[in-house]
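Residue numbers for the sequence shown follow the numbering used here, so the first one is 21 and each next one is one higher.
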Amino acid sequence: MTAIAPAGTGAPGRATIDAKTLRTDRWWIQPLITVLVLVAFIIYSTIRAFMGSKFYKDPYISPFYSPCLSKAGCGDAPSIDIFPSNAFFTPAIFILIFPLGFRLTCYYYRKAYYRSFWLSPPACAVAEPHQSYSGETKLPLLGNNIHRYFFYAGMVFNVILTYDAILAFRFERDGGHHFGIGLGTVVMVLNATLLWLYTLSCHSCRHIIGGRLTHFSKHPVRYKLWGYVSTLNHKHMQLAWVSLFGVALTDVYVLLVSSGAFTDPRWVS
Ligand code: FES
C-alpha cells in the first residue's frame, strides 16, 4: 500500500515549526465572523422556510417564497397552485435549494466556509489541522463543480424576482390596481438589483461570456461584456455578502408588514 505523504506544515521540504502560526495579529476574527453570520442566516432561513406563512403582503412577496407555488397566502399574486396550505414541506424548502445551491457552490463562499468551518486553512500563514487534502476531487465537495448549472438557475430566479420587484409598484385600491411606491417597493427593487450584481459578478458568468475564445478581436461584443462582468467580478466578495443581507432583510420586511408588526410607508399610492 502506498504511504500518504504528510500535507501542510508536515510536508517534506517544509521548515519544522511547532507553532500553529507565527502571526500575532487577530487573524481569527474574520473566520469567526463568517461562521456567526452564516450560522445566523442558516437558522433564520430554516425557520422561515418551515413557517409557511407571512410571506406575502400585497404587493410584496418574500424572495424565500417566490415564485408563489401555493395560492393560499399569496393574495392575488401570480401563482402556480402546487402546494396545499398545510403541507409540512413548504414551497420555500424546494425554492431555496436553488439559491442556496448557488451560494454553497460559489467560488467565494467556498473559500469563506472552507476557511471558517473546516479551518482549511483558517487564514493565510496559519497551519490547518488536517493531515491530508483531497480538494474537490471526492464527494461531497466534488459536487461544487456543478456551480455553473446553479448559475443558470440563479439567472432564472433573478428574472422572477425582478418581475416581483416590478409588481411591487402595483397597489390595490378600490378594487383595481394603481401605480404606487412604498418602502417595500424600494426594498424589493434593491434586492433584485443586488442579486443581479452578485450573479453577473460570478466567476462562471465571466467564463461563460469571455472564456474559451482564442481571439477577443473576433468577438468584440463578448469582449465588451467580458470587460463589464470582470469589473463586477473584482467586487464579488462584497456583492456576495451584501446580496445575502439583501435577501434576508427583504424577507424580514415582508414578515413584518404581513404580520402587522410594521406598516409599509407609502409615498405614492
Ligand atoms: S463564483 Fe460566486 S456566484 Fe459564481
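Even glycine gets a Cβ: it sits at the ideal position worked out from N, Cα and C.
(Q) I want to know whether the region 52 to 68 touches the region 126 to 143 - three or more CB-CB distances under 8 Å. (A) At 8 Å Cβ cutoff, the stretches touch.
Q: Determine the extent of the alpha helix (DSSP H) in which Trp246 is found, giving its start and end residues.
A: By 1-based counting over the sequence shown, the position of residue 246 is 226. Unbroken alpha helix (DSSP H) run through Trp246: Pro240 to Asn253.
Q) Comparing the CB of Phe171 with every heavy atom of ligand 1, is any distance shorter than 7 Å? A) Translated into positions along the sequence shown, residue 171 becomes position 151. In this structure, the C-beta of Phe171 approaches ligand 1 to less than 7 Å from one of its heavy atoms.
**Q.** Gly202 - partner residues in DSSP beta bridges
**A.** The count along the sequence shown starts at 1 and reaches residue 202 at position 182. Answer is Arg286, bridged to Gly202.
Q) Whose C-beta lies closer than 8 Å to the C-beta of Arg123 among residues of the same chain, with five residues either side of it excluded? A) Counted from its first residue, the sequence shown places residue 123 at position 103. The residues Tyr129, Ala260 and Leu264, in chain order, have a CB closer than 8 Å to that of Arg123 in the same chain once the five nearest residues on each side in sequence are set aside.
Q.
ligand 1 and Phe61: does the residue's C-beta get closer than 7 Å to at least one heavy atom of that ligand?
A. Position 41 of the sequence shown, counted from the first residue, corresponds to residue 61. No, Cβ of Phe61 sits at least 7 Å from all heavy atoms of ligand 1.
Q: Rank Ala39, Gly155, Leu217 and Val209 by C-alpha distance to the C-alpha of Val146 and give the top, closest one.
A: Position 126 of the sequence shown holds residue 146. Distances from the CA of Val146 to each of Ala39, Gly155, Leu217 and Val209 were compared; the closest alpha carbon is that of Ala39.
Q.
Using a 10 Å radius around the Cβ and a threshold of 16 neighbouring Cβ atoms, would you call Met21 buried or exposed?
A. Taking the sequence shown and counting its residues from 1, the one referred to as residue 21 is at position 1. Reliability fails at Met21, whose pLDDT of 48 lies under 50, so the model's placement of it is uncertain and no value is given.
Q. Do the CB positions of Val274 and Phe75 come within less than 8 Å of each other?
A. Residue mapping note: residue 274 aligns to position 254 of the sequence shown, counting from 1. Residue mapping note: residue 75 aligns to position 55 of the sequence shown, counting from 1. It is a contact, given that the beta carbons lie within the stated cut-off.
Q. Do the region 200 to 213 and the region 228 to 240 touch if we need at least three Cβ pairs shorter than 8 Å?
A. Not touching, per the Cβ criterion.
Q. Can you find at least 3 beta carbon pairs, one from the region 73 to 87 and one from the region 47 to 54, that sit closer than 8 Å?
A. For the pair of segments examined, the region 73 to 87 was found not to touch the region 47 to 54: the number of CB pairs separated by less than 8 Å stays below three.
Q) Is Met21 helix, strand or coil by DSSP? A) In the sequence shown, the residue the question calls residue 21 occupies position 1. Because Met21 sits at a pLDDT of 48, beneath the cut-off of 50, its placement in the model cannot be relied upon, and the following sentence gives the value as read from the coordinates. Here Met21 sits in coil by DSSP.
Q: State yes or no: is the C-beta of Asn164 within less than 8 Å of the C-beta of Ala212?
A: Position 144 of the sequence shown, counted from the start, is the residue given in the question as residue 164. Position 192 of the sequence shown, counted from the start, is the residue given in the question as residue 212. In this structure, Asn164 sits away from Ala212, with a CB-CB distance that is not shorter than 8 Å.
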